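Numbering (this note's numbering), first residue to last: 183 to 413.
In C-alpha cells:
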C-alpha cells in the first residue's frame, strides 16, 4: 500500500485548527480573567491549544505506520487520555475555605475547553465554535442574571459574645435583620473567659460585597468579617 504523506495544504489546515482552537480558548479565558479567576487567559489558551494538538496527533500522528498489517491504531484513545488528564488541572483551581468551595465553575470551564479543542482538532469546526459561543453565554450572561436572582455570597464572621453581652439567639435575630443566614456555628472559650462565636454565613448576591461588609460593620457586634463571592 502507498505510504501516507502530508501535503502542504493539509499542514496549513492542521495549523489553522490549532490557531482556531487557541482563539476559542482565549475568548473563554478572557471572561475568566475579567473575574480575576485563578485560571485565566493564558491557561485556557494553552488548554485549548494542547487539546487540539493532541487530537490532531491522535488522528494523523500514526498514519506512517497504519499501513502495516500488524499495526492497529485507535484514534480515540489519546482523546480519552486528554479528558482524563484535565482532571488534575481542574482540581488545582478548586479551593475549600471554611466550608466554602471556590473554583468549580472555572474547573468545569477548563474541562469544557478541552472538549472544544478536541472538536476543532478533529475538524468539527462548527461544533467547536458553537460550543465556545454557548460557553460564553453561560459564563457571562447567566453570571449577570445570578446577581439578580438566587445566587449568594458566602463568608464567615467572628463575634465575642461575652464582650457584647449577647446570646446565640440574639446573634441570629440581628443577622436575620440584615438578611444574613448562618450555615454552621463553632463556639470556643478563650483564656480570658470570653466566648467566641465563629459562623459560616450566606447572604444575597444582589448587593455588592463592599456594601454587605459595610452594613455588617455598622451593626456594631461583629468583630471580624470575611465575605467572598462564589464563581
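A virtual CB, placed ideally from N, CA and C, is assigned to each residue, including glycine.
It should be emphasised that the depicted structure is a prediction, and the values quoted were computed from it without experimental measurement.
Short check: CB of residue 228 to CB of residue 200, under 8 Å?
-> no
Could you check what DSSP says for residue 285 in three-state terms: helix, strand or coil?
-> coil
Neighbourhood of residue 221 by C-beta distance below 7 Å, restricted to the same chain and skipping five residues each side | Excluding positions up to five away in sequence, the list reads 214, 275, 288 and 292.
Rounded distance between the beta-carbons of residue 204 and residue 231, thought under 8 Å = Under the criterion of beta carbons closer than 8 Å, residue 231 and residue 204 qualify as touching, at roughly 5 Å.
Completely contained beta strand (DSSP E) runs for the stretch 300–372, where each covers 3 or more residues | 334–342 and 362–371
The stretch 333–342 contacting the stretch 375–385, beta-carbon criterion three pairs below 8 Å = yes
For residue 373, does the count of other Cβ atoms within 10 angstroms reach 16, so buried, or fall short, so exposed?
-> exposed
Supposed contact pair residue 212 and residue 223 - C-beta distance, whole angstroms, cut 8 Å | 6 Å
Residue 237 versus residue 264 - alpha carbon distance | Approximately 9 Å between the Cα atoms of the pair.
Inter-residue spacing [alpha-carbon to alpha-carbon] between residue 404 and residue 305 = 58 Å
Taking just the CA atoms, how far does residue 371 sit from residue 407?
-> 19 Å
Test item: CB-CB of residue 385 and residue 346 under 8 Å | No, the pair does not count as a contact, with Cβ atoms beyond the cut-off.
Taking all protein chains shown into account, do 16 or more other C-beta atoms lie within 10 angstroms of the C-beta of residue 303, making it buried, or fewer, making it exposed?
-> buried
Taking buried to mean at least 16 other C-beta atoms within 10 Å of its own C-beta, is residue 297 buried or exposed?
-> buried
With a Cβ-Cβ cutoff of 8 Å, do residue 367 and residue 357 count as a contact?
-> In this structure, the beta-carbon distance from residue 367 to residue 357 does not fall below 8 Å.
Given residue 320 as reference, the closest of 290, 348, 349 and 242 once Cα atoms are compared = 290
Could you say which of 198, 344, 266 and 217 lies nearest to residue 285 if we only look at CA atoms?
-> Between residue 285 and the set 198, 344, 266 and 217, the nearest pair of CA atoms involves 217.
Taking Cβ positions, are residue 209 and residue 318 nearer each other than 8 Å?
-> The answer is yes: Cβ separation under 8 Å.
Beta-carbon contacts of residue 343 that lie in its chain and below 6 Å, excluding the five residues immediately before and after | 377 and 379
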